[in-house]
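These notes concern the structure reproduced below.
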Amino acid sequence: MENLFTTNELFISTFNGTNTKVAWAIQCLVDNCRDFNDFRGNRKISEVSTKNISNLKGFTSRILLVTIVFEGGNGVPFKCVMKLPGQSIVIEEENGEDVEDEVVAVERNLYMLVHNREAMFLNKYQDIKGLRIPKCYGVKDWINKKQEGAILMNYLGDAMGSTFPYYNDIILVAIQN
Numbered sequence: 401m402e403n404l405f406t407t408n409e410l411f412i413s414t415f416n417g418t419n420t421k422v423a424w425a426i427q428c429l430v431d432n433c434r435d436f437n438d439f440r441g442n443r444k445i446s447e448v449s450t451k452n453i454s455n456l457k458g459f460t461s462r463i464l465l466v467t468i469v470f471e472g473g474n475g476v477p478f479k480c481v482m483k484l485p486g487q488s489i490v491i492e493e494e495n496g497e498d499v500e501d502e503v504v505a506v507e508r509n510l511y512m513l514v515h516n517r518e519a520m521f522l523n524k525y526q527d528i529k530g531l532r533i534p535k536c537y538g539v540k541d542w543i544n545k546k547q548e549g550a551i552l553m554n555y556l557g558d559a560m561g562s563t564f565p566y567y568n569d570i571i572l573v574a575i576q577n
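401 is the number of the first residue of the sequence shown in the working numbering; add one for each residue after it.
As structure tokens, then:
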């Protein structure tokens, strides 16, 4: 696995603001994404960057656009999306700030439940033909105080990927499109 990266620092690095290792995401892509393997060929990964594309629309998650650059490439990177559950106060607690509050504990447990159910859903149903959900390349269950959750999935692009504000009604036609 280490031989896929140009530097050891990149191999052992984590995504900004998370405990999720870059190597975990790359291993998921190698194992589960034919497009990534075809795109990469024999080239090594020279850079991995993220950009928060949630635009404050993530009700319970942050969505990061992951951009992977290869050495000797034509400048076109490979892109995928990482979904990280939880709001800032829960993340602060997980990162060592001791937040003692019953409401925060209940909130964290709710976010963990929602994330773990979404991960289970994506793993179980992604291969059903006609079901229009992004391809999932890897999931990490959120285990309280042991492991943060993460979902690595296909980037649908700016044209296809969209969100609906939770306060707006969703009609069947919008869901089908």
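In this text, a Cβ means the ideal position worked out from N, Cα and C, and glycines have one as well. In this text the structure is predicted, and so the values were computed from the model without any measurement.
**OP:** Go through its chain and collect everything with a Cβ distance to Val-490's Cβ below 7 angstroms, but skip five positions before and after it.
**Re:** The sequence position of residue 490 within the sequence shown is 90, counting from 1. Here Val-490 scores only 48 on pLDDT, less than 50, and its place in the model should not be relied on; the value that follows carries that caveat. Cβ within range, chain order: Val-504, Glu-507, Arg-508, Tyr-511.
Original post:
If you pair each beta-carbon of the segment 515-525 with each one of the segment 539-555, do three or more pairs fall below 8 angstroms?
Top reply: yes
Original post:
Is it the case that the Cβ atoms of Ile-463 and Lys-483 are separated by a distance below 9 angstroms?
Top reply: Here residue 463 is taken as the residue at index 63 of the sequence shown, counted from 1. Here residue 483 is taken as the residue at index 83 of the sequence shown, counted from 1. In this structure, Lys-483 lies closer than 9 angstroms to Ile-463 by Cβ.
Original post:
Taking the alpha carbon of Arg-440 as the point to measure from, which residue in Gly-472, Asn-416, Ile-412, Thr-420 has its own alpha carbon closest?
Top reply: Counted from its first residue, the sequence shown places residue 440 at position 40. Out of Gly-472, Asn-416, Ile-412, Thr-420, Gly-472 has the C-alpha closest to the C-alpha of Arg-440.
**OP:** Below 7 angstroms CB to CB, which residues in the same chain sit around Phe-405 once its five sequence neighbours on both sides are set aside?
**Re:** On the sequence shown, position 5 is the one that residue 405 refers to. The residues are Phe-411, Lys-444, Ile-445.
Original post:
In this structure, does DSSP put Gly-538 in helix, strand or coil?
Top reply: Translated into positions along the sequence shown, residue 538 becomes position 138. Three-state result, Gly-538: strand.
Original post:
How long is the line joining the alpha carbons of Asn-437 and Ser-461, rounded to whole angstroms?
Top reply: Within the sequence shown, residue 437 is the residue found at index 37, counting from 1. Within the sequence shown, residue 461 is the residue found at index 61, counting from 1. Rounded to whole angstroms, Asn-437 to Ser-461 spans 28 angstroms at the Cα level.
Subject >> Beta carbon of Val-469 nearer than 9 angstroms to that of Ser-454 >> reply: Stepping through the sequence shown from its first residue, residue 469 is reached at position 69. Stepping through the sequence shown from its first residue, residue 454 is reached at position 54. Cβ atoms of Val-469 and Ser-454: not closer than 9 angstroms.
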